[in-house]
Structure formats: structure tokens, C-alpha cells
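Here is the structure we will look at, set down as C-alpha cells.
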Amino acid sequence: MKPRTIAQLVPAIDTQDGAGVRLRRALGARPDQRLDPLLMLDAFSSDDPNDYIAGFPAHPHRGFETVTYILDGHMLHEDHLGNRGDLMAGGVQWMTAGRGIIHSEMPQQTAGRLRGFQLWLNLPAGEKMKPANYRDIPDAEIPAVTLTGGAVVKVIAGRVHLEAHEIEGPIVGGSTDPLYVDVSLTGGSSVAFPVPASHNVLIYVFEGAVKLNGSAIPNATSAILGAGDGIELSADAGGGRCLVIAGKPLNEPVVQHGPFVMNTRAEIEQAMRDYQSGHLA
Ligand code: MN
């Protein structure tokens with residue numbers, strides 16, 4: 037296994053989106069910070085409802101997928117197809133916007149806390165106009181393994197080979213073949229697993245600090261990794277927790293305008309016309 041090392045550290049940036057939701061943008065704060073096929077990663081964490089209570093009222097998407105992972109609190113959502121749901125702590129919503137979805141996402145606190153993430157994952161040109169779809173995946177359906185040294189690895193998407201275990205998340209395969217893993221490291225513990233050499237890999241640290249192959253990734257910071265086919269994570273006495281997100285690059289042009297992510301300017305203009313005329317979805 038050739039261990040990947042840190043190619044670039046990107047501190048998360050405090051920003052606002054939706055109807056004034058305060059969040060940290062961990063990837064994609066600028067177009068040159070995308071990591072094909074990962075477009076954007078937002079981290080939510082607050083104990084003040086004023087930071088998020090206005091939520092994300094009805095808005096459209098076209099051309100990519102959103103992956104929402106709730107750690108604390110929950111999220112009410114509904115869409116133009118009549119789907120309604122309440123995404124609970126530990127659960128994931130995997131939403132494929134395809135040709136179009138119009139939905140609302142309203143974060144809610146539990147015991148005063150809200151914490152979670154939303155990833156925007158690109159779709160290839162040939163799938164940007166497929167029908168919209170989503171899955172709410174409860175915590176109980178997402179495998180988590182506690183390793184010998186105390187590390188806990190939860191596999192949301194992809195397959196991970198850990199010690200003697202082969203863990204498969206509820207989402208597997210597809211054009212970008214995503215890997216999405218939540219790694220909790222207790223003080224002094226470590227974990228190593230293969231990641232396909234074909235994939236781009238991002239690590240976002242959101243508790244304590246995590247070391248990749250011995251090099252520290254600070255809290256609230258994304259590490260974009262260099263080439264290799266495996267990763268080795270560890271934590272000092274204070275422990276740490278991070279997301280490891282990887283995907284197979286599409287190598288296609290990306291033209292983004294707000295909630296639409298297409299390949300050409302003309303396709304963006306079409307999406308705006310379709311939305312304005314009620315024909316997005
Ligand atoms: Mn949305």
C-alpha cells in the first residue's frame with residue numbers, strides 16, 4: 037500500500053447560505069477549491085437556533101447529488117414530488133437531483149444542538165438529466181465497526197477493508213464510485229485502509245486533530261490528498277474525528293450557477309429557463 041500524504045490544507049471558511057444559515061464551507065468556497073467529483077462540503081455546528089432556524093426554504097437543484105449527514109439534531113425535508121421526511125441523528129439523505137428537484141431542508145435542534153454536513157457530489161454529463169431520486173438512510177442501516185485499538189469507522193458509502201472486516205456502506209458504486217467514511221479516533225488509536233488509486237480523496241477534521249501518515253490535519257480543516265492507494269490515520273491523546281470522502285474524477289467541464297451544476301453555460305441558461313417556467317423537474 038502506497039500511503040497518501042497531504043497535498044494541500046484548506047481551512048474551512050465561515051459563511052452563510054439558504055435563508056441565513058451560518059455554516060463552515062470545508063470545500064468549494066471558491067471554484068478552484070473543488071476536488072473532482074466533489075463540488076462542495078458544508079459543515080453545520082451550532083447550539084444557537086438563530087444560526088440555522090430559517091433553514092433552506094424551497095429551492096431547486098439540477099445536475100448533481102447532495103449527501104446530508106446529521107450528527108446531532110434532525111432535518112425536516114420535503115420536495116415537489118410529495119416526499120416528506122425527517123432525517124434523524126446518525127442518518128444520511130442521499131439525494132440525486134438529476135434533471136431537477138425543488139425541495140426544502142429545515143434543520144432542527146435536539147437538546148439544543150445541531151450538527152451535520154452536506155456534500156455536493158457531481159454527476160457525469162450523461163446522468164445530469166436523469167429523474168430525481170432520494171433515499172433517507174437511518175443510522176441503524178449504516179455499518180460501524182469498532183477496531184482493536186478503539187477507532188470507530190462508520191461506512192456511509194463505498195467498501196472499506198479494515199483489519200479482517202470488509203465493510204460495505206448502503207451506497208455502493210455508480211459513476212463516481214463514492215467513498216464516504218466517518219472515522220472516530222480515541223486517544224492514541226490509529227486506522228489504515230485502502231482507497232482506490234483512481235480516486236480523489238478529501239479528509240475533513242471536525243473534532244480534535246487527526247494525523248495522516250504522521251502529519252497533522254488541524255480542526256475545521258480539509259486536507260486534499262496526493263496520489264496513493266491507502267491512508268493511515270491516527271490521533272494524539274486528545275483523540276480526533278474526521279470524514280474521509282473520495283470519488284472517481286469525471287474530468288468534465290463544470291459550470292455552476294448557484295444550485296445548478298452543468299457542463300456548459302447553455303445548459304445553465306436552460307436550467308434557469310426551465311425553473312422559471314415551471315419545467316425544471
Ligand atoms: Mn438543497
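Following the numbering used here, the numbering of the sequence shown begins with 37 at its first residue and continues without gaps.
Backbone N, C-alpha and C define an ideal beta-carbon position, used for all residues, glycine too.
Since this is a predicted model, take the numbers as computed values, not measurements.
{"Asked": "Tell me whether T257, by its Cβ, gets closer than 7 Å to a heavy atom of ligand 1.", "Found": "no"}
{"Asked": "Say the cut is 7 Å; is the CB of E114 nearer than that to a heavy atom of ligand 1?", "Found": "no"}
{"Asked": "Does DSSP put D218 in a helix, a strand or coil?", "Found": "strand"}
{"Asked": "Contact defined as beta carbons within less than 8 Å: I believe L279 pairs with F80. What is the distance between those atoms, to the nearest angstrom?", "Found": "With a Cβ gap of about 13 Å, L279 and F80 do not count as contacting."}
{"Asked": "Can you say whether R120 is buried or exposed, counting buried as having 16 or more other CB atoms within 10 angstroms of its CB?", "Found": "exposed"}
{"Asked": "Given a cut-off of 8 Å, decide if G91 and V128 are closer than it, judged by their beta-carbon atoms.", "Found": "no"}
{"Asked": "Am I right that F100 and W156 are in contact with their C-beta atoms under 8 Å? What's the rounded C-beta distance?", "Found": "6 Å"}
{"Asked": "Taking 8 Å as the threshold (beta carbon to beta carbon), is E199 in contact with chain C?", "Found": "The structure shown contains no chain C; it holds only a single protein chain."}
{"Asked": "DSSP puts Y311 in a beta bridge; with which residues?", "Found": "None, per the DSSP bridge assignment."}
{"Asked": "Using a Cβ distance threshold of 8 Å, determine whether the stretch 204–214 contacts the stretch 176–196, with at least three qualifying pairs required.", "Found": "yes"}
{"Asked": "Decide if R66 is buried, meaning its Cβ has at least 16 other Cβ atoms within 10 Å, or exposed.", "Found": "exposed"}
{"Asked": "Indicate whether the contact test is met: 3 or more Cβ pairs, each with one atom in the stretch 179–188 and one in the stretch 217–234, closer than 8 Å.", "Found": "yes"}
{"Asked": "When we look at the beta-carbon of P47 and count the other beta-carbons within 10 Å, is it buried (16 or more) or exposed?", "Found": "exposed"}
{"Asked": "So, with DSSP's three-state summary, where would you put Q306?", "Found": "helix"}
{"Asked": "Just tell me which of R309, A259, K247 has its CA closest to the CA of A273.", "Found": "K247"}
{"Asked": "Could you give the first and the last residue of the continuous beta strand (DSSP E) run that contains N236?", "Found": "236–244"}
{"Asked": "Compute the distance between the beta-carbons of M76 and L59, then report whether it is under 8 Å.", "Found": "no"}
{"Asked": "With a threshold of 7 Å (Cβ to nearest heavy atom), would E141 be considered close to ligand 1?", "Found": "yes"}
{"Asked": "How is the beta strand (DSSP E) around A259 delimited, first residue to last?", "Found": "257–261"}
{"Asked": "Closer than 7 Å: is that where the CB of T132 sits relative to any heavy atom of ligand 1?", "Found": "no"}
{"Asked": "How about F92: is its Cβ closer than 7 Å to a heavy atom in ligand 1?", "Found": "yes"}
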